[in-house]
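S.K.: In terms of UniProt numbering, the sequence shown opens at residue 1 and continues consecutively.
Cβ atoms here follow ideal geometry from the backbone N, Cα and C, with glycine treated the same way.
Sharing a structure, written as structure tokens. Questions coming.
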Amino acid sequence: MTSAILSALSVLTKPIGETTVHGTQHTEQEALMAALQANQALLEERLKGEKGLYEVRSLREEVRAGVPWICADTEDITWSFVQECLLLLLSLARNLTLQLELFNQAPSPAMSRLRTPEMAPPLTPDVLSVAQQKTLGAALQFVVSLGLCPYLAPGVGVPLGRRSAFGKLVEGLVCHDVAPVPERRLLTTTAVLLELSVLSSLATMVYTRHLGDVMAALCQLGYRPHRPEKNTTREEKEISKEECKNCREALQKLLGKVYQPIVIKELLILQGGPKQAPPGPGTSGGNRSPLSQAPPWLRHLCGQLLSERLMQPNGVQSVLRAILEGGAGGESDWRKCDGVARILAACPQQSLSSDSYYSQVCPQILELLHFRDKLTAQQFQRVATRAALTMVQDCPMFALQYLLTPLFSSLHRCGRMAGEGQTQVTVEEWELTRCAEDVFKVSGTQTINSTMYKAKPRDLLYHSLLPSLSLAQICVVGNSPSAPLLKALGEAIPVLFDLYCFTKKNASHLRAPCQEILLWYFGNSELPVALSTLQQLCALDGGAGGVAPGFHFTPGSDGGAQLTPSETISDEDDALYERVSGEQWRVECMAQLLAEMKDSDLPGDFFLELLQALTCWAAEEEEEEQEVDTSAMTLLQLEQHLLGNVTGRSQKLALLQVLAVMCEGLPHTLLLRKPTQVVEFIVSMLQRACVGLDQVQAAAGPVETQTLSMGMGLVATLLSGPSPLSAEDYSSMSRLLPPLEEISQRHPEVVIQELASDLRTAIATHGAYQPDNVTRATQYQSPKTDNNVPTKKNFKTQTSPSQVSQTRLYSPTLHNNPSTHATQTPNTRAPIQTCIPNLRTQSSSGDSLAQKTHPSQRVSSGAGQGPAGVSAPDGGQSGGRGGSSSSCEPSSGTPSRAFSDCLLGACDPEVPTRAVALRTLTRAIQNRDREALQNQEKVLTLFLENLAHEDTFVYLSAIQGLAVLADFFPERILLRLQEEYQNGPSSQKERSLETRLKVGEVLMRASRAMGDLAPHHGRPLIGVFLRGTRDEDHSVRASCLSNLGELCQRLNYALGPWAQELSTCLTALIKTEKEAEVRRAAVHVIALLLRGLSDKATEVLSDVLLDLYRALKWVVRSDTDDVAVLHAQLALEDLDDVMRRFIFPAQKLEKKIVVLP
């Protein structure tokens, strides 16, 4: 019967072109009316004449008898047509309901017997074919267009005239002034559609196409205020209160069972468009809004319903999906996100209270941060961050309670754990991961503002971390940090810093988020707050905060971290070691964090803050040294006094530790990046010098005197610079006046007093009066007597420009001062004095010390000093070659005094003096200085002896010097180095091993510098390195293999005779060596061979190439060391490239042209 009913519906909804219409119609409306009448007549004829439709007619009559809304004598053709459609639709619904009941009660026995597990379940009777669905859809469209939409009040729903041309045609067909009244027609059509929607198959057809119209009808029937019109009775015009109540209940049921994003979208449409201005004389109707303005009662109703949807579980997500689904992430979508965020942040009027609203919405906003779909995550997180920031600004109390507290809950729990007997994990890995990554979103990502809409949104940095990457965008919107969020984040910074320190020790994906959070916080916090937080993290204020005592972070199974109770350490020494090493690691992590702030003044400000604290500490030392009478103290007072002393000393030690790590790990360009910071640094130096004036011995000490001299030299350099100082510069330098005045009055040395007075005068007069001492102080390096007292005569000695050097090795004693000469020993020299950057130890550079120093920061040396860096005696002349003077010019066949002092400096116990002397000798060799070349044996001996020195600066300088010597005299020097490398010193075994490794470094640098001479000078080295692969120590074996690889890749065809021996050695080491380091080196040699020979490998290594390939494959398959496997894979890739080029040579598209005679 289902097919017969749908066949009847198809007759009733047959298109106009296929209907036989008698006569000629003048308009489209007349043609449509005639078609509707003809279709009705044809349906009645077929229902009476065809036997197949007999059951349909019987069921239709049964339905007609059971409904109260049939109006047989209506004069409106459209409503008569709608009634026929409604009767057939109700017949279809009742037939499908009956068949479903029979299907569910008594399944077919045959189907039960024949059904197997792999068979599909039988179709239910309410499943319609595509053609049947098309027929049903056409009938529903006629019902809605002719029986529902024309009776909606103005402003309710979308008018038919704005939907299609057919809608405009229908608007003029309906007669509103004939029975039944429009309200009754609307109620009838809506009731039938709701009855149809009881069946799931029919409900899908109704709600997917006509949900908005049904909702509009229910809203009008249930909530529209009725106004009785003239000449009509109340019973004739209005529907009853009971019917209104039923419509309201039906609307609530409908809103509850339909997919919420669709419901919200339809409610937004029902709210209508904005109020339109009246069209001007030149405007056209096409410029109107597609949505007309809704009446006030409907706008209020839709707002209330939307608020209810919003405050339901997952209501926020439904609202966002309704508005944002289907977008491509363009400019309009980002504007939608901002608009929705502002709506979410504002409490609606329909809410009972603000507290209840935010308590339900804020958790849903946080859930928006945890989506994995890329486009959805970008849009939802945009809304969440904008809404959260607006909440924090407009209602910080609710935001703190319902938004920020849940965000930081995991970090706060880490800092407030209690219970000593716990043995299980207290904060799970997923909690810490989500919390840290949420905070990372707040601090590390910048939300796109209105000027950046055209730019693509930033790709998510961690696709695997999308469940919680959020809080960064909450804190920063348009690069504008929020003070409440900074305050809330500041409370969790100690725990977050502990987590950051943990990730620096382990491989964790939380390292980058934690670092970005900390950088964002310190970069956006106020300077006093940032400095206070840094002091707290470094334990300078008595406590570092962070994780609760008795707990620590441990690695998680997914690369994160979890908080677990720490094991109790019974040994006091072990506990002390753990605590001290932990504090040291925290300080190092802090220094690494500050090193990332390359564009911030915070590292320099923190450094100056520490120096100021150090100055205050020096001022308090004298008071602390005074003896305290403890005899009159009670035990409690004595205990508090002792604890106070211990705490004060621990804080001072922590201060020194932080200063030491910062000076060692941070470059001066980061610590003193602004002129004001340089001035603050000098002020701190001078203030400490003033504090030391009260102690006569300290004021006359070498360190204090040199520090004071360096500080005043910096002031003189600032005053005598090439660019004039501005009024702001002089204003900042005015802070130098009080300490300079105190030094000029109280310092025991006359020279220092005069210089301090002159500097003070120059600063006070803004450079109008600048004594000569100020200019000379920029080149001054104070020579010392044995009492470390600078002499005024040497300070005033002038030098010509050609005699000014970039660095000063040392200052010789003054021979023309009798009193000084009488007390001088022959080997007494003043300590090295160079510019500030050279005081820091360089790690592994082979460049000269002068190249490490910025030209604007170099302090020239005093009288008699040559450009090679060696000081000449007073009155001595320094010659030059090639346009540059040299202090190593020989005189009368014997080394000059300057060169002798340079040789002696290479043996000086002071590390800086020795290192600079070695660098000076190296530069002399590079410049082909005659005296240095004539004494190359002495220089070689000095370099070899300094290889055994333990300081990095010294032995690296010696290595560089030996490499330069080997480059100039390869035959002699390489032979000597080979002997040292094979034998080494015979004294201490550990020292001998280190020296041999350093000699190996020299040989490697020499191999790199050989160039085309490698086949000539490198053959003896191959034998030395091959013999070294059998050494007892694995470090020597690895060193020999490393050097062998560097050398062999430069030998080219000269490697042929050694190919077989090399292959045998490398293959044996790869397969038999127990030390992973040596196996790595052997595999790396093969990689360097293939890389160096490139296309020549098939010729040079033709006999052993297969053996090397098999050795590499053996490493990939069998070796347990990951690094060796990686090296082998890289070597195989190089070999694959070589063989591909050999087998498939590149085709050259060229043509030979022969000119015939």
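1) Could you tell me the distance, in whole angstroms, from the CA atom of Asp-1119 to the CA atom of Val-1125?
2) Straight-line CA distance for Leu-755 to His-747?
3) Counting only C-beta atoms, is Thr-995 closer than 8 angstroms to chain B at any point?
4) From the DSSP output, which residues share a beta bridge with Pro-739?
5) Would you mind reading off the limits of the beta strand (DSSP E) that contains His-1127?
6) Going by C-alpha to C-alpha distance, which of Ala-93, Trp-520 and Glu-61 sits closest to Asp-599?
7) Could you give the distance in angstroms between the alpha-carbon of Glu-61 and the alpha-carbon of Val-127?
8) How would you call Leu-666, buried or exposed, if buried means at least 16 neighbouring beta carbons within 10 angstroms?
9) Could you compute how far the alpha carbon of Gly-339 sits from the alpha carbon of Gly-273?
10) Pick helix, strand or coil for Thr-554, following the three-state DSSP scheme.
11) Taking just the CA atoms, how far does Val-1100 sit from Leu-809?
12) How would you write the range of the beta strand (DSSP E) that Gln-562 sits in, first residue to last?
13) Do the segment 196–215 and the segment 176–184 touch if we need at least three Cβ pairs shorter than 8 angstroms?
14) State buried or exposed for Thr-717, treating a residue as buried only when at least 16 other CB atoms are found within 10 Å of its CB.
15) Could you name the residues of the same chain whose beta carbon sits closer than 8 angstroms to that of Pro-724, not counting the 5 residues immediately before and after it, in chain order?
16) Could you tell me whether the Cβ atoms of Gln-322 and Pro-396 are closer together than 8 angstroms?
17) Measure the C-alpha to C-alpha separation of Arg-760 and Leu-737 and round it to an integer number of angstroms.
18) Can we say the segment 602–612 touches the segment 550–562, given the rule of at least three CB pairs closer than 8 angstroms?
19) For Leu-714, which residues of its own chain have a beta-carbon under 6 angstroms away from its beta-carbon, when the five flanking residues on both sides are left out?
20) Take Leu-593 as the anchor and find which of Val-580, Met-662, Gln-612 and Arg-649 has the nearest alpha-carbon.
21) Following the continuous alpha helix (DSSP H) through Tyr-500, name the residue where it begins and the one where it ends.
22) Nearest to Asp-652 by alpha carbon, out of Leu-86, Ser-684 and Cys-616?
23) Under 6 angstroms Cβ to Cβ from Ser-311, same chain only, skipping five residues before and after it: list those, please.
24) Near Gln-982, which residues of its chain fall below 8 angstroms by C-beta distance, leaving aside the five closest residues on each side in sequence?
25) Using 8 angstroms for Cβ pairs, my map puts Leu-173 next to Thr-97. What's the rounded Cβ distance?
26) With DSSP collapsed to three states, give me the class of Gln-293.
27) Measuring CB to CB, does Leu-1105 end up less than 8 angstroms from Ala-1111?
28) Buried or exposed: Gly-1018, going by 16 or more other Cβ atoms within 10 Å of its Cβ?
29) With a CB to CB cut of under 6 angstroms and the five nearest residues on each side skipped, what residues in its chain are close to Met-1004?
30) Answer with buried or exposed for residue 1160, where buried requires no fewer than 16 other C-beta atoms within 10 angstroms of its C-beta.
31) For Val-678, which of helix, strand or coil comes out of DSSP?
32) Nearest to Ala-530 by CA position, among Pro-68, Gly-604 and Glu-749, is which residue?
33) Using a Cβ-Cβ cutoff of less than 8 angstroms, which residues in the same chain neighbour Ala-1038 once the five nearest sequence positions on both sides are dropped?
34) Nearest to Arg-491 by CA position, among Pro-150, Arg-735, Ala-591 and Leu-400, is which residue?
35) Under 6 angstroms Cβ to Cβ from Gln-350, same chain only, skipping five residues before and after it: list those, please.
36) When the Cβ atoms of the segment 1085–1097 are set against those of the segment 1128–1146, are three or more pairs found closer than 8 angstroms?
M.R.: This is what the structure holds:
1) As a first step, residue 1119 must be located in the sequence shown, where it is residue number 1119. As a first step, residue 1125 must be located in the sequence shown, where it is residue number 1125. The alpha-carbon atoms of Asp-1119 and Val-1125 are separated by roughly 7 angstroms.
2) The sequence position of residue 755 within the sequence shown is 755, counting from 1. The sequence position of residue 747 within the sequence shown is 747, counting from 1. Between Leu-755 and His-747, the C-alpha separation is close to 11 angstroms.
3) The displayed structure is made up of one protein chain only, and chain B is not part of it.
4) Numbered from its first residue, the sequence shown carries residue 739 at position 739. Note: Pro-739 sits in no beta bridge, so no partner.
5) Looking up residue 1127 in the sequence shown gives position 1127. Element bounds for His-1127: not the beta strand (DSSP E) but the alpha helix (DSSP H), 1122–1143.
6) The residue labelled residue 599 in the question sits at position 599 within the sequence shown. The shortest Cα separation from Asp-599 among Ala-93, Trp-520 and Glu-61 belongs to Trp-520.
7) Translated into the one-based positions of the sequence shown, residue 61 becomes position 61. Translated into the one-based positions of the sequence shown, residue 127 becomes position 127. Looking at the two C-alpha atoms, the distance is approximately 25 angstroms.
8) Position 666 of the sequence shown holds residue 666. Classification for Leu-666: buried.
9) Indexing the sequence shown from 1 puts residue 339 at position 339. Indexing the sequence shown from 1 puts residue 273 at position 273. One C-alpha to the other measures close to 16 angstroms.
10) The count along the sequence shown starts at 1 and reaches residue 554 at position 554. Thr-554 falls in the strand class under three-state DSSP.
11) Start at 1 with the first residue of the sequence shown, and residue 809 comes out as number 809. Start at 1 with the first residue of the sequence shown, and residue 1100 comes out as number 1100. Unreliable positioning characterises Leu-809 in this predicted model, as indicated by a pLDDT of 30, which lies under 50. The coordinate reading is nonetheless provided below. If you take the alpha carbons of Leu-809 and Val-1100, they lie about 51 angstroms apart.
12) Against the sequence shown, residue 562 aligns to sequence position 562. That run of the beta strand (DSSP E) goes 561–565.
13) no
14) Against the sequence shown, residue 717 aligns to sequence position 717. Looking at its Cβ environment, which holds 16 or more other Cβ atoms inside 10 Å, Thr-717 is buried.
15) Numbered from 1 along the sequence shown, position 724 holds the residue referred to as residue 724. These residues qualify, in order along the chain: Gly-767.
16) Against the sequence shown, residue 322 aligns to sequence position 322. Against the sequence shown, residue 396 aligns to sequence position 396. First, the amino acid is wrong: residue 322 is Ala here, not Gln. No; because the gap between Cβ atoms is not below 8 angstroms, this pair is not in contact.
17) Here residue 760 is taken as the residue at index 760 of the sequence shown, counted from 1. Here residue 737 is taken as the residue at index 737 of the sequence shown, counted from 1. Taking the straight line from one Cα to the other gives about 6 angstroms.
18) no
19) Your numbering for residue 714 matches position 714 in the sequence shown. Answer for Leu-714: Ile-682, listed in chain order.
20) On the sequence shown, position 593 is the one that residue 593 refers to. The shortest C-alpha separation from Leu-593 is found at Met-662.
21) If you number the sequence shown from 1, residue 500 lands on position 500. Element bounds for Tyr-500: 483–505.
22) In the sequence shown, the residue the question calls residue 652 occupies position 652. Note that residue 652 is Lys in the sequence shown here, rather than Asp. Of the candidates Leu-86, Ser-684 and Cys-616, the one whose C-alpha sits nearest the C-alpha of Lys-652 is Cys-616.
23) As a position in the sequence shown, residue 311 is number 311, starting the count at 1. The amino acid occupying residue 311 in the given sequence is Met; Ser does not appear at that position. Within the same chain, Met-311 has close Cβ partners Gln-360.
24) Here the question's residue 982 lines up with position 982 in the sequence shown. Correct list, in chain order: Val-1024, Arg-1027 and Gly-1028.
25) Numbered from 1 along the sequence shown, position 173 holds the residue referred to as residue 173. Numbered from 1 along the sequence shown, position 97 holds the residue referred to as residue 97. In fact, because the Cβ distance is near 33 angstroms, the residues do not count as touching under 8 angstroms.
26) Walking along the sequence shown from the start, residue 293 turns up at place 293. DSSP places Gln-293 in strand when its eight states are reduced to three.
27) For the purposes of this step, residue 1105 is taken as the residue at position 1105 of the sequence shown. For the purposes of this step, residue 1111 is taken as the residue at position 1111 of the sequence shown. Their beta carbons are not under 8 angstroms apart, which means Leu-1105 does not touch Ala-1111 by this criterion.
28) Numbered from its first residue, the sequence shown carries residue 1018 at position 1018. Looking at its Cβ environment, which holds 16 or more other Cβ atoms inside 10 Å, Gly-1018 is buried.
29) On the sequence shown, position 1004 is the one that residue 1004 refers to. Excluding residues within five positions, the ones whose Cβ falls inside 6 angstroms are Asn-1043 and Glu-1046.
30) Beyond the ends of the chain as shown, which are 1 and 1157, falls residue 1160; an answer cannot be given.
31) Numbered from its first residue, the sequence shown carries residue 678 at position 678. Of the three classes helix, strand and coil, the one that applies to Val-678 here is helix, per DSSP.
32) Taking the sequence shown and counting its residues from 1, one reaches residue 530 at position 530. Nearest C-alpha to Ala-530: Gly-604.
33) Against the sequence shown, residue 1038 aligns to sequence position 1038. Glu-1075, Glu-1077, Val-1078, Arg-1080 and Ala-1081, listed in sequence order.
34) By one-based count along the sequence shown, residue 491 stands at place 491. Correcting the residue type first, residue 491 is Glu in the shown sequence and not Arg. The shortest C-alpha separation from Glu-491 is found at Leu-400.
35) Position 350 of the sequence shown holds residue 350. Contacts found: Gln-304 and Ser-307.
36) yes
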